[in-house]
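Structure, as structure tokens:
Numbering (UniProt numbering), first residue to last: 1 to 198.
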């Protein structure tokens, strides 16, 4: 399947309120450490907001709430695969993205027939501590050969300047987080991303 080339990831619904009116058509809501009632309310609000703007919303991790609230997309990390009810996720019709960092994880992910595979961190990232070093563009190109027709997402340390290299290496979509959220002009940066990914 064809994914939009720009894939921002945000930890608050307020970011979606800023990004979606600018023309973002694929976005992930990744919320950690939130009380269950607030989390459900945020997911519900994000789904409504994305649908109002004709955008695809990916819910990170919270597969049960994604099913219950009628989400269309879900993203799972490798640890989440250990506990997620994959048959229930499939029965709900959720499209699925899976994080990978090494060959064993990639093999596991591909066996599940996901809609996209994410590889990261492509570059060093400040978002979270990871045991993996930067994967680099050569690994990204290798992943594209291995995933075949499955969409490939590049994540980790991505910026507007680095996006063209990721696309040249075979990424179908590029995920950005701090390049937007830590920018003094986030809306301007989103517009830059939309231009480079157009």
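Virtual Cβ for every residue (Gly too), placed ideally from N, Cα, C.
(message) Quick check on the DSSP output: the alpha helix (DSSP H) that includes residue 143 runs from which residue to which?
(response) That run of the alpha helix (DSSP H) goes 136-147.
(message) Quick check on residue 30: does DSSP put it in helix, strand or coil?
(response) The answer is coil: DSSP assigns residue 30 none of H, G, I, E or B.
(message) Taking the straight line between their C-alpha atoms, what separation do you get for residue 70 and residue 156?
(response) Each residue's CA atom was taken as its position, placing residue 70 and residue 156 some 28 Å apart.
(request) Report the partner residues of residue 15 according to the DSSP bridge assignment. (result) In the DSSP output, where bridge partners are listed per residue, residue 15 has none listed.
(request) Would you check if the distance between the CB atom of residue 68 and the CB atom of residue 40 is smaller than 9 Å? (result) Yes. Within cutoff.
(message) Looking only at its chain, what residues have a beta carbon closer than 7 Å to the beta carbon of residue 126, apart from the 5 residues adjacent to it on each side?
(response) Shown here for residue 126: same chain residues with a beta carbon closer than 7 Å to its own, the five before and five after excluded, namely 178 in chain order.
(request) Per DSSP, which residues does residue 117 bridge with? Please list them. (result) DSSP, once it has assigned bridges, lists 98 and 152 as partnering residue 117.
(request) Would you mind giving the Cβ-Cβ distance between residue 147 and residue 97, rounded to the nearest angstrom? I have them listed as a contact below 8 Å. (result) With 8 Å as the limit, residue 147 and residue 97 do not qualify as a contact, their Cβ atoms being about 12 Å apart.
(request) Could you tell me which residues DSSP pairs with residue 133 in its beta bridges? (result) DSSP output for residue 133 lists no bridge partner at all.
(message) Is it buried or exposed, residue 144, if we count other Cβ atoms within 10 angstroms and call 16 or more buried?
(response) By the beta-carbon neighbour count (other beta carbons within 10 angstroms, threshold 16), residue 144 is buried.
(request) Since I believe residue 77 is in contact with residue 61 (beta carbons under 8 Å), could you give me their beta-carbon distance rounded to a whole number of angstroms? (result) Rounded, the Cβ-Cβ distance is 7 Å, consistent with contact.
(request) Mind the definition here: the region 153-170 touches the region 184-193 only if three or more C-beta pairs lie below 8 Å; say whether that holds. (result) Cβ pair count under 8 Å is three or more, so yes.
(request) Determine the direct distance from the alpha carbon of residue 3 to that of residue 175, and round the result to whole angstroms. (result) Here the C-alpha atom of residue 175 lies approximately 12 Å from the C-alpha atom of residue 3.
(request) Could you tell me if residue 5 is buried or exposed, where buried requires 16 or more neighbouring beta carbons within 10 angstroms of its beta carbon? (result) Counting Cβ neighbours within 10 Å, residue 5 comes out buried, since at least 16 surround it.
(message) With the cut-off set at 9 Å, would you say residue 186 and residue 15 are in Cβ contact?
(response) Result yes, Cβ atoms of residue 186 and residue 15 sit closer than 9 Å.
(request) Express the C-alpha separation of residue 43 and residue 37 in angstroms, rounding to a whole number. (result) Straight through space, the alpha carbons of residue 43 and residue 37 are spaced by roughly 10 Å.
(message) Suppose you measure from the CA of residue 152 to the CA of residue 88; what does that come to, to the nearest Å?
(response) Looking at the two C-alpha atoms, the distance is approximately 24 Å.
(request) Take residue 134 as the anchor and find which of 123, 170 and 109 has the nearest alpha-carbon. (result) When the alpha-carbon of residue 134 is set against those of 123, 170 and 109, the nearest one is in 123.
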